[in-house]
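Under UniProt numbering, think of the first position of the sequence shown as 1, with each following residue one higher.
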Amino acid sequence: SSGGGGSGGSGGSGGSGGGHGGSWSTCGCYQKPLLGLLDILLPLEVAIGHELTVDACQAQCLIAGYYGCSIEAGNTCRCALSVDGLLNGLLGLLRAPDTKCNVKCPGNSHESCGGSGFIQAYTYNPRP
Numbered sequence: 001s002s003g004g005g006g007s008g009g010s011g012g013s014g015g016s017g018g019g020h021g022g023s024w025s026t027c028g029c030y031q032k033p034l035l036g037l038l039d040i041l042l043p044l045e046v047a048i049g050h051e052l053t054v055d056a057c058q059a060q061c062l063i064a065g066y067y068g069c070s071i072e073a074g075n076t077c078r079c080a081l082s083v084d085g086l087l088n089g090l091l092g093l094l095r096a097p098d099t100k101c102n103v104k105c106p107g108n109s110h111e112s113c114g115g116s117g118f119i120q121a122y123t124y125n126p127r128p
């Protein structure tokens with residue numbers, strides 16, 4: 001929290017967390033894992049509310065020390081320590097067409113924020 005986003009490099013997501021020097025990229029759309037599994041894969045749920053955007057979810061996860069995030073149905077942001085391993089393994093089995101993640105973000109109608117029963121996943125690289 002020592003301030004300046006500075007020249008945060010090529011990262012598309014705003015000044016928040018710009019100091020880390022990495023950037024977020026999308027991993028695609030996935031069927032939402034069963035609840036118990038969801039808690040293991042994406043253990044932290046962040047309350048953002050009606051201002052939810054992809055940037056807001058990513059920034060909150062980064063602040064909390066997580067380098068993966070998912071957004072579901074335009075209303076739920078969850079964080080994972082890393083989604084890379086998950087996506088190659090278990091979550092890879094749940095890959096869904098991007099058209100399933102068709103719910104617009106409440107805070108930005110130009111962005112997709114997952115779908116009903118589907119999560120849009122993002123990963124942050126390189127990790128600090």
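We put the beta carbon where it would ideally sit given N, CA and C, even for glycine.
In chain order, Tyr30, Lys32, Ser70, Ile71 and Glu72 place their CB closer than 7 Å to the CB of Ile119, counting only its own chain and leaving out the 5 sequence neighbours on each side. Non-local C-beta neighbours of Tyr67 in its own chain, meaning closer than 6 Å and more than five positions away in sequence, comprise Ser82, Tyr124 and Arg127, ordered along the chain. Going by DSSP, Ile119 is part of the beta strand (DSSP E) stretching over Phe118 to Asn125. Annotation: the UniProt domain "WSC" (23 to 125) contains the following complete segments of the alpha helix (DSSP H) (minimum length 4 residues), in chain order: 35 to 41, 54 to 63 and 84 to 88. Around the beta carbon of Ile48, a 10 Å sphere encloses 16 or more other beta carbons of the protein chains shown; the residue is thus reported as buried. Straight-line spacing of the CA atoms in Leu91 and Thr26 works out to 14 Å. The C-alpha of Gly115 is placed about 15 Å away from the C-alpha of Leu34. It is roughly 23 Å from the alpha-carbon of Leu42 to the alpha-carbon of Gly21.
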